[in-house]
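So the mapping is simple: the working numbering equals the position in the sequence shown, first residue as 1, plus 856. In this text, a Cβ means the ideal position worked out from N, Cα and C, and glycines have one as well. Treat the numbers as computed from the prediction; the structure is a model and nothing was measured. Have a look at the structure below, then the notes.
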Amino acid sequence: MAQAAEGPPPRRGADRSRRHGRPSARRASAGRRRAGRGRGARGALRARRAAVRARLRRPRAAARVLRAVPRRETRGQRRRPRRARPGGIAASGGDSRRAAPPQAERRARRARLRARCRPGADRAVIRWDAPGPYAVGFTNRIGGVSGGAYESLNLGALTEDEPENVTENRRRACASIGASAQRATMAWQHHSAEVTRAEPRGIVTPGTVFDRCDGLWTDEPGQAMMLLTADCLPVAIARANGAKPALAVLHVGWRGLLAGIVAAGADALAGGRLAAAIGPGIGPCCYEVGDEVAEPFRAAYGDVVRDGRLDLWSAAERALRAAGCEKVERTDLCTYCHPDLFFSHRRDKGRTGRQGIVAYIA
């Protein structure tokens, strides 16, 4: 078999010519196709192409010739259409047009009070901006030295906590509002309606004897008072008529409220214009009571028991207003619901610490 001699690869034209047989046959065929075309036809075609190129060089013409492609936003730039809310529905829920101003005010106040309990704030106390030269604070369980079930700012000595821890916690609670623990006094609380004048006995010496009562009052500057709670309400009443300042603090449980502790506290300040504040206590969300408690509260304060739960906050507010307090502020913080902030006798089944109220005339 004869081998083909090696040489350069065939040209492109040569390769194409094989499809038509001989090169002469291809040229003859092309000549016949061009025979029907004249010089005029070729010139007209070239002229049309030149005109199109000229138009494309001009920007406005290009816009007419080329269809504009609509610009698509990137994923990060796309905007979803804003969905219209039903009429009156606020972003946080609830009817923005029908929301009661007092409720909105209480929600804002609770937010401010919680903010004061966060790190970076004076966490040992929730301050009341009383109308006058008063320093009033509601303590929580944060910022003390006790451990275990009494962690950490336990103010109650009649617990299983170490006495030295309780003493230090009381000092810290007083210092948080600028009060002197050496001049302060407390009470031997027993769910009564008794209110007595505060005397400077000190609250850091074990074995100190205090009056049996559930309310203290003073008109002496610097005389600090401390009462303890673990679900009951700590309440402060201040004289706000511009006369000589006077201040009372109350331990308000359901028994004391029915017995008249609020009226007794207001009477101790000898009437006049009064303002009050209700500190943290068990709320209507958690305070289940029987008929023996519900019935007398309904008789005294109206619709403060719903589904077997007592609204002690509202009952105390109504009692304060009936006693002559023109302005009543509430924290509306439930001690049962916030184990990170408060002790609760009911939640912790009795083995718990005590928070409370500390106050004095500055």
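Count the other CB atoms within 10 Å of the CB of residue i; is the residue buried (16 or more) or exposed (fewer)?
i, result
"Thr1085", "buried"
"Tyr1003", "Here the sequence assigns Gly to residue 1003, which means Tyr is not the residue at that position. Under this definition Gly1003 is an exposed residue."
"His1046", "exposed"
"Gly1209", "buried"
"Asp985", "exposed"
"Ala1218", "exposed"
"Trp1044", "exposed"
"Cys1030", "buried"
"Cys1190", "buried"
"Cys1141", "exposed"
"Thr1231", "One cannot answer for residue 1231 here, as it falls past the ends of the chain, which runs 857 to 1218."
"Asp1163", "exposed"
"Asp1147", "exposed"
"Arg939", "For Arg939, the predicted model reports a pLDDT of 38, less than 50, meaning its position is unreliable; a value from the coordinates is still stated below. Exposed."
Output yes or no for whether 8 Å exceeds the beta carbon distance between residue i and residue j.
i, j, result
"Gly1137", "Asp1087", "yes"
"Leu1130", "Arg1174", "no"
"Tyr990", "Pro1101", "yes"
"Pro1015", "Val1060", "Contrary to the premise, residue 1015 reads as Thr rather than Pro in this sequence. No. Outside cutoff."
"Cys1193", "Gly1109", "no"
"Ala1013", "Arg1027", "no"
"Ser1048", "Gly1112", "yes"
"Ser1032", "Gly1058", "no"
"Ala819", "Ala1080", "This structure leaves residue 819 out entirely; the chain is present only between 857 and 1218."
"Val1184", "Ala1132", "yes"
"Gly988", "Arg1039", "no"
"Val1149", "Leu1166", "yes"
"Ile1213", "Leu1083", "yes"
"Val1161", "Arg1154", "yes"
"Ala1179", "Ala1119", "yes"
Looking at the secondary structure, which residues open and close the beta strand (DSSP E) in which residue i lies?
i, result
"Trp1169", "Trp1169 -> not in any beta strand (DSSP E); alpha helix (DSSP H) instead, spanning 1168-1178."
"Cys1181", "1181-1186"
"Tyr1216", "1211-1217"
"Ala1132", "1130-1134"
CB-CB under 7 Å to residue i, same chain, minus the five flanking residues each way: which ones, in chain order?
i, result
"Glu1055", "Thr1041"
"Gly1128", "Arg1095, Asn1097, Ala1099"
"Asp1159", "none"
"Arg1203", "Tyr1192, Pro1195"
"Arg1207", "Ala1005"
"Tyr1143", "Arg1165, Leu1166, Leu1168"
"Ala1156", "Leu1114"
"His1201", "Ala1086, Asp1087, Thr1208"
"Cys1069", "Ala1043, Ser1048, Glu1050, Val1051, Thr1052"
"Lys1205", "none"
Got a sec? Which residues, its chain only, sit under 6 Å from residue i by beta carbon, not counting five neighbours each side?
i, result
"Leu1106", "Gly1071, Val1091, Ile1117, Gly1121"
"Phe1066", "Met1042, Ala1043, Trp1044"
"Pro1062", "Pro1019"
"Ala1115", "Ala1049"
"Asn1021", "Val1001, Ser1002"
"Pro1152", "Leu1114"
For the alpha helix (DSSP H) containing residue i, list its first residue and its last residue.
i, result
"Tyr1157", "1147-1157"
"Gly1112", "1110-1115"
"Ala1029", "1019-1031"
Got a sec? Which residues, its chain only, sit under 8 Å from residue i by beta carbon, not counting five neighbours each side?
i, result
"Pro975", "A caution first: Pro975 carries a pLDDT of 38, below 50, which makes its placement in the model unreliable, though a value can still be read off. Hits under 8 Å: none found."
"Arg1177", "Val1184"
"Leu1011", "Thr995, Val1022, Asn1025, Arg1026, Ala1029, Met1082, Leu1084, Gly1209, Arg1210, Gln1211, Gly1212"
"Cys1181", "Ile1093, Ala1122, Leu1130, Ala1131, Ala1132"
Ranges of the beta strand (DSSP E) found wholly within the segment 975-1010, counting only runs of at least 3 = 981-984, 990-995
Every unbroken alpha helix (DSSP H) inside the segment 1043-1097 [4 residues or more] = Counting only runs that start and end inside the segment 1043-1097, there is no alpha helix (DSSP H) element of at least 4 residues.
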